[in-house]
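Novice: Residue numbers are given in this note's numbering: position 83 of the sequence shown equals residue 96, and the series is strictly consecutive.
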Amino acid sequence: MQQRVRGLGGLAQLLWLALAPALLAQAPARITIDPAQRFQYIDGFGVNFNGTYFRDAQRPVIDMLIDDLGATIFRLDPYGLTNWEAVNDNDDPNTMNWEYYNDRYSMPPFEASWAAARYLNSRGIRPYLTLSGVPPEWMMDTKGPPTHKVCREQPSGKPDHLKASMYDEFAETVVSLAVYARTRARIDYEYFGPVNETDCYPPEGPRIDPDEMPKVLGVIARRMRKEGLADVKLVVAEQARIDNDYITPIMQSADLMKQVGVFSFHTYRADSVGPQVARVQASEYRNVRVWLTEYGDLGDLDRSAANEWKNFSFGMPTITTMSTIRDSPFTAWCRTPITFIRLRNATSPPSSFTISCVRVRSALAQRRMPRACWCPHFAMAQRTR
Numbered sequence: 014m015q016q017r018v019r020g021l022g023g024l025a026q027l028l029w030l031a032l033a034p035a036l037l038a039q040a041p042a043r044i045t046i047d048p049a050q051r052f053q054y055i056d057g058f059g060v061n062f063n064g065t066y067f068r069d070a071q072r073p074v075i076d077m078l079i080d081d082l083g084a085t086i087f088r089l090d091p092y093g094l095t096n097w098e099a100v101n102d103n104d105d106p107n108t109m110n111w112e113y114y115n116d117r118y119s120m121p122p123f124e125a126s127w128a129a130a131r132y133l134n135s136r137g138i139r140p141y142l143t144l145s146g147v148p149p150e151w152m153m154d155t156k157g158p159p160t161h162k163v164c165r166e167q168p169s170g171k172p173d174h175l176k177a178s179m180y181d182e183f184a185e186t187v188v189s190l191a192v193y194a195r196t197r198a199r200i201d202y203e204y205f206g207p208v209n210e211t212d213c214y215p216p217e218g219p220r221i222d223p224d225e226m227p228k229v230l231g232v233i234a235r236r237m238r239k240e241g242l243a244d245v246k247l248v249v250a251e252q253a254r255i256d257n258d259y260i261t262p263i264m265q266s267a268d269l270m271k272q273v274g275v276f277s278f279h280t281y282r283a284d285s286v287g288p289q290v291a292r293v294q295a296s297e298y299r300n301v302r303v304w305l306t307e308y309g310d311l312g313d314l315d316r317s318a319a320n321e322w323k324n325f326s327f328g329m330p331t332i333t334t335m336s337t338i339r340d341s342p343f344t345a346w347c348r349t350p351i352t353f354i355r356l357r358n359a360t361s362p363p364s365s366f367t368i369s370c371v372r373v374r375s376a377l378a379q380r381r382m383p384r385a386c387w388c389p390h391f392a393m394a395q396r397t398r
């Protein structure tokens with residue numbers, strides 16, 4: 014048997030020696046790239062950013078996000094809530110009381126956000142302003158159970174639905190912020206997201222059902238044009254349940270679509286954005302960008318190695334994303350930002366941050382973070398073409 018094995022081994026060696034010249038003589042493989050053929054178009058990498066905690070000492074963190082991670086899209090929430098107009102500024106929603114709003118938007122949380130946005134501008138970044146949280150209760154009422162999927166199955170026990178009679182007042186509130194950001198805070202920005210997760214009410218946003226969304230956004234869009242913000246594009250609808258259809262009613266309003274620049278979605282489960290992309294592709298608005306502005310197949314309280322490196326890393330969401338759209342030359346996908354910074358003590362200068370898988374102190378500016386620690390913050394944005 015051993016002689017037979019040795020014989021077979023020798024025969025294999027002879028065959029290799031005989032075939033090797035022919036194999037080596039083959040022409041090298043060639044890869045041809047046609048720059049005229051475009052598939053997915055990446056808008057950029059991005060992060061969510063709560064600007065209310067920004068301090069000058071955090072500039073190195075932003076620098077690292079830009080220079081190391083390559084972030085180009087900052088989804089900046091300047092307040093974290095939409096209830097700053099605790100008392101109506103006046104009885105006329107068509108006239109902004111700037112004495113009132115100037116006082117609101119010069120509060121410390123807003124001032125910190127404006128400083129953050131101006132620093133981003135100095136780095137060549139035009140942040141996209143987004144709002145989250147519920148409006149003040151005087152804008153809210155109660156409504157019967159929704160027919161679409163929501164985060165909370167049981168009633169919240171308090172008014173959580175945006176009154177139809179308050180659409181003009183709500184538009185005045187959110188647009189006044191957008192006006193102040195441009196004219197008083199001197200922020201250069203292109204995109205504005207006036208609502209957040211209206212199917213995850215409260216606390217993420219007010220309840221606005223899919224059939225109501227174009228009405229609310231239509232009032233906001235018209236007010237933006239009235240106030241000189243026609244060039245600012247809306248990012249909508251920032252829904253929490255990716256299987257809810259908010260965009261079909263929105264696309265049925267040609268006037269509103271003049272103001273829409275991005276369709277945005279969130280998902281914290283394994284659901285795909287593919288059906289939403291298909292809706293956009295099948296419409297006359299197929300060139301509107303599609304972004305996934307929040308994601309996670311998280312289980313973020315599960316700190317096991319399997320969860321950290323499989324579910325909580327960029328790998329699985331990215332693979333899922335690309336496998337969803339790989340066969341379509343016109344499909345584009347999304348950026349997936351996760352909030353990158355949390356102050357340990359919001360009442361004092363920053364001393365310690367939690368960033369992904371490492372905890373570092375303010376000396377972060379002098380330390381280089383391993384790229385592996387960017388996993389949850391890896392972000393992709395692609396648009397339809």
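Heads up, the beta-carbon is just placed ideally off N, CA and C, and yes, glycines get one too.
For residue 230, list the residues DSSP reports as bridge partners.
Specialist: Paired residues: none, contrary to the question.
Novice: Using the Cα positions of residue 125 and residue 294, report the straight-line distance between them to the nearest angstrom.
Specialist: 39 Å
Novice: Touching or not, the region 222–236 and the region 260–277, by the rule of three or more beta carbon pairs under 8 Å?
Specialist: yes
Novice: Who are the Cβ neighbours of residue 162 in its own chain at under 8 Å, not counting the five residues just before and after it?
Specialist: 212, 254, 256, 257
Novice: Out of 305, 270, 297, point me to the one whose CA is closest to residue 252's CA.
Specialist: 305
Novice: For the putative contact between residue 75 and residue 132, defined by C-beta atoms under 8 Å, what is the C-beta separation to the nearest angstrom?
Specialist: 6 Å
Novice: Please state if the CB of residue 196 and the CB of residue 144 are separated by a distance shorter than 8 Å.
Specialist: No; because the gap between Cβ atoms is not below 8 Å, this pair is not in contact.
Novice: Who does residue 304 pair with in a DSSP beta bridge?
Specialist: 277
Novice: According to DSSP, what are the bridge partners of residue 271?
Specialist: DSSP output for residue 271 lists no bridge partner at all.
Novice: Taking a contact to mean a Cβ-Cβ separation below 8 Å, would you say residue 246 touches residue 218 in this structure?
Specialist: Between residue 246 and residue 218, the CB-CB gap reaches or exceeds 8 Å.
Novice: What's the gap between the Cα of residue 60 and the Cα of residue 249?
Specialist: 17 Å
Novice: Rounding to the nearest angstrom, what Cα-Cα distance links residue 270 and residue 147 in this structure?
Specialist: 25 Å
Novice: Tell me, please, whether the region 95–115 touches the region 187–195 by the rule of three or more beta-carbon pairs shorter than 8 Å.
Specialist: The region 95–115 makes contact with the region 187–195, as at least three CB pairs between them are under 8 Å.
Novice: Where does residue 120 sit, in a helix, a strand or coil, going by DSSP?
Specialist: Here residue 120 sits in coil by DSSP.
Novice: With distances taken from CA atoms, which of 202, 175, 182 is nearest residue 209?
Specialist: Taking only the C-alpha atoms, the option nearest residue 209 is 175.
Novice: For residue 302, tell me which candidate among 55, 42, 44, 45 has the shortest Cα-Cα distance.
Specialist: Checked all of 55, 42, 44, 45; the closest Cα to residue 302 is 55.
Novice: Taking the DSSP output, what are the residues bridged to residue 205?
Specialist: The partner list for residue 205 (beta bridge, DSSP) reads 142, 247.
Novice: Since residue 134 contacts residue 201 with CB under 8 Å, what's their CB separation in whole angstroms?
Specialist: Going by Cβ atoms, the distance from residue 134 to residue 201 rounds to 5 Å, so yes, they are a contact pair.
Novice: How many Å lie between residue 97 and residue 116 at the Cα?
Specialist: 11 Å
Novice: Between which two residues does the beta strand (DSSP E) containing residue 7 stretch?
Specialist: An answer regarding residue 7 cannot be provided, because it is not within the stretch 14 to 398 covered by the chain.
Novice: On a CA-only basis, which of 241, 203, 215, 136 is nearest residue 171? Give me that one, please.
Specialist: 215
Novice: What does the alpha-carbon distance come out to for the pair residue 182 and residue 152?
Specialist: Linking residue 182 to residue 152 through their CA atoms gives a straight-line distance of about 8 Å.
Novice: Do residue 232 and residue 194 have their CB atoms nearer than 8 Å?
Specialist: no
Novice: Measure the C-alpha to C-alpha separation of residue 105 and residue 240 and round it to an integer number of angstroms.
Specialist: 15 Å
Novice: Taking the alpha carbon of residue 178 as the point to measure from, which residue in 154, 236, 58, 44 has its own alpha carbon closest?
Specialist: 154
Novice: Roughly how many whole angstroms lie between the Cα atoms of residue 86 and residue 278?
Specialist: Rounded to whole angstroms, residue 86 to residue 278 spans 15 Å at the Cα level.
Novice: Does the separation of the CB atoms of residue 206 and residue 129 fall below 8 Å?
Specialist: no
Novice: Going by other Cβ atoms of all chains shown within 10 Å of its Cβ, with 16 needed for buried, is residue 307 buried or exposed?
Specialist: Buried: at least 16 other Cβ atoms inside 10 Å.
Novice: Between residue 101 and residue 51, what straight-line distance do the alpha-carbon atoms span, to the nearest angstrom?
Specialist: 50 Å
Novice: On a Cα-Cα basis, can you pick out the residue from 204, 286, 222, 166 that is closest to residue 242?
Specialist: 204
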